[in-house]
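What follows is a set of notes on a single structure, which appears directly below.
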């Protein structure tokens, strides 16, 4: 372990790293959000307090604001430079918010509460669309790098893919998991979709064909991410301690994908690639 970031007085429930890979935001059941320097491990900003539990947080692409979902059904935006909530941007959902995702162009916010998602335009802050279809609570979201699609996971044990512009379901339900979805990851080039579940498996899908490519057995609940070039999968497991596992995706699986994974340089983050 390179560094331990200490300051929260209770359980850390969510983290997110900014697009420039410098500060990391953390939310906790101590009802605070804190911003940390990844290089030094020092607290950069906060604590921001609001007397509720944070379920999810996400950076805006400019790195100057974060958005949070919490147990009071609210979605809040925080100005990191001013050190306070942007109260006029607060919205209240019908259900407790368990998942939040922000598009990389800063145009959309997607929230998951109950068995449906809210698609919010940042200007104005009202709901633009409601995405419905899941039979259980939304647990995780991931927006594609080109800002056109969102993947959702639920306690109904299925991942689904939605069109952000139309709000329509374009793929799914993908029915192979037997318990609720705990994590989703779209590769940067949208060649692969990975899903993690409480059934202690990770499934790997060809995104274009929706074909199940592989299933991996793991020991515990987990979150996961695909490498920018779609060639590696990293996932975290925790029981008493946090463990991060990195594994290569077998070449024969990558060879079966059409169109094949593609690579180009991300314009904002050196060393990161995108489609």
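Numbering (the numbering used here), first residue to last: 43 to 317.
Don't be surprised by glycine CBs; every beta carbon is placed ideally from N, CA and C.
- Under the DSSP assignment, residue 292 falls outside any beta strand (DSSP E); it carries neither an H nor an E label.
- Boundaries of the beta strand (DSSP E) around residue 56: 54 to 59.
- Under the three-state reduction of DSSP, residue 127 is assigned to strand.
- Around the beta carbon of residue 97, 16 or more other beta carbons sit within 10 angstroms, so the residue counts as buried.
- Counting the other Cβ atoms within 10 Å of the Cβ of residue 291 gives 16 or more, which makes it buried.
- Listed in chain order, the beta strand (DSSP E) elements of length 3 or more contained wholly in the segment 146 to 233 are 150 to 155, 158 to 163, 169 to 174, 180 to 185, 191 to 196, 201 to 205, 211 to 213 and 223 to 228.
- Residue 234 and residue 267 have their alpha carbons spaced roughly 11 Å apart.
- Scanning its chain for C-beta atoms nearer than 7 Å, with the 5 sequence neighbours on each side dropped, one finds around residue 134 the residues 115 and 116, in chain order.
- Judged by DSSP secondary structure, residue 88 falls within the beta strand (DSSP E) whose first and last residues are 85 to 91.
- Under the three-state reduction of DSSP, residue 104 is assigned to coil, being neither helix nor strand.
- If you ignore the 5 residues before and after residue 240, its C-beta comes within less than 7 Å of the C-beta of 221, 222, 224 and 263, all in its own chain and listed in chain order.
- DSSP, reduced to helix, strand and coil, places residue 95 outside both helices and strands of the structure shown, so it counts as coil.
- Residue environment: residue 183 is assigned as buried (16 or more neighbouring CB atoms within 10 Å of its CB, all protein chains considered).
- Counting the other CB atoms within 10 Å of its CB gives residue 289 a total below 16, which places it among the exposed residues.
- Each residue's CA atom was taken as its position, placing residue 219 and residue 155 some 21 Å apart.
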